[in-house]
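J.: Per my numbering, residue 5 is the first one in the sequence shown, and the count goes up by one each step. Quick reminder that beta carbons are idealized off the backbone N, C-alpha and C, glycines included. Keep in mind the model is a prediction, meaning the values are calculated, not measured.
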Amino acid sequence: MSSLSSTPTAADLPTSVERAGAQLDAAVAQIDDLARREAALIDAVNAYCGFTTSVVPPSPVAPLPEPSPAPPVNGGGNGGGTTAPPPQLEGYDYTEAMLMGYSAAEVRDWHTALINFRRALAARPGDLYALAAIANMEAYIADERERAARRQRAIDLQGTLAEAVAIGDWACAAATVDELTTYFPANSLDRARLVTYRGEITGFIEARDRVENWSTVCPG
Numbered sequence: 005m006s007s008l009s010s011t012p013t014a015a016d017l018p019t020s021v022e023r024a025g026a027q028l029d030a031a032v033a034q035i036d037d038l039a040r041r042e043a044a045l046i047d048a049v050n051a052y053c054g055f056t057t058s059v060v061p062p063s064p065v066a067p068l069p070e071p072s073p074a075p076p077v078n079g080g081g082n083g084g085g086t087t088a089p090p091p092q093l094e095g096y097d098y099t100e101a102m103l104m105g106y107s108a109a110e111v112r113d114w115h116t117a118l119i120n121f122r123r124a125l126a127a128r129p130g131d132l133y134a135l136a137a138i139a140n141m142e143a144y145i146a147d148e149r150e151r152a153a154r155r156q157r158a159i160d161l162q163g164t165l166a167e168a169v170a171i172g173d174w175a176c177a178a179a180t181v182d183e184l185t186t187y188f189p190a191n192s193l194d195r196a197r198l199v200t201y202r203g204e205i206t207g208f209i210e211a212r213d214r215v216e217n218w219s220t221v222c223p224g
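1. Given a cut-off of 8 Å on the beta-carbon distance, is the pair residue 181 and residue 193 in contact?
2. Run the CB neighbour count on residue 132, radius 10 Å, all protein chains shown included, and call it buried at 16 or more, exposed below.
3. Whose C-beta lies closer than 8 Å to the C-beta of residue 202 among residues of the same chain, with five residues either side of it excluded?
4. Is the CB-CB distance between residue 174 and residue 218 below 8 Å?
5. On the CB-based measure, 16 or more other CB atoms within 10 Å of its CB, does residue 105 come out buried or exposed?
6. Determine the contact status of residue 221 and residue 158, defining contact as a CB-CB distance below 8 Å.
7. Can you find the residues in the same chain that come closer than 6 Å, C-beta to C-beta, to residue 188, ignoring five residues on each side of it along the sequence?
8. Among 97, 207, 148 and 145, which residue has its Cα nearest to the Cα of residue 124?
9. Here's the rule: buried if 16 or more other CB atoms are within 10 angstroms of the residue's CB, otherwise exposed. What is residue 204?
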C-alpha cells in the first residue's frame with residue numbers, strides 16, 4: 005500500500021511530452037529568428053545589387069601639354085615677304101591635327117584625339133608635344149579599359165552575391181563579399197554596407213544554416 009501512495013502523478017512533475025514541447029518551441033523560435041534575419045539580409049542584398057556603384061578609380065594621368073607653335077608663314081631676315089618652302093604645309097597639318105586632338109580630348113573622346121595626335125606626329129616626326137599627347141591618350145584609354153573591367157567585375161560579383169544569399173549558400177556569399185569589398189574605397193557607404201552583410205553572413209555560417217546549400221553557387 006505504501007508503495008502505491010509514493011508513485012508520482014502527472015501533477016507532480018512535467019511529462020516528457022511537455023519537455024519535448026518546450027524544446028520544440030525553443031527550436032522553432034531559433035529557426036524563426038534565423039529566417040527573419042535571412043529575409044532581411046536577402047532584401048538588403050537585393051536592394052544593394054539593384055544599382056551600379058562606382059568602383060575605386062585608378063590614379064589620374066598627367067594633363068596634356070600645350071602644342072608647339074607651327075613655323076611662321078613668311079621667312080624672316082632680309083627676304084622680307086619671302087614665302088616659306090613646302091615644309092610649311094607640314095606645319096599647317098601639324099597645327100590642325102594638334103588642335104583637333106585637343107578638341108577631342110576636351111570631350112573625353114580619347115580615341116579620336118589619339119588619331120589626330122598621331123597625325124601631328126607624322127607631320128612633324130619626333131615632336132615632343134605630339135609624343136606627350138599620344139602617351140597621355142594611350143594612358144587615358146588604358147585607364148578607361150581598367151575602369152570598365154573593374155565595373156563589370158563588381159557587377160558580376162553583385163549578381164553572384166544575390167544568388168548565393170537567395171539559396172543560403174553562405175560560404176559563397178562570404179567569399180563574394182570579401183572580394184567585392186576590395187572594389188570600394190575604405191570610407192565609402194558601399195564598403196560599410198558590405199561589412200554589415202559580412203557580419204550577418206558570419207552568423208549564418210556559425211549557425212550552420214542551410215549547410216546543404218553551401219558552395220553550390222561559386223565555382224570550385
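T.: Taking the structure as given:
1. Cβ atoms of residue 181 and residue 193: not closer than 8 Å.
2. exposed
3. 178, 181, 182 and 185
4. Yes, Cβ-Cβ distance for residue 174 and residue 218 is below 8 Å.
5. buried
6. No. Outside cutoff.
7. 194 and 195
8. 97
9. Buried: at least 16 other Cβ atoms inside 10 Å.
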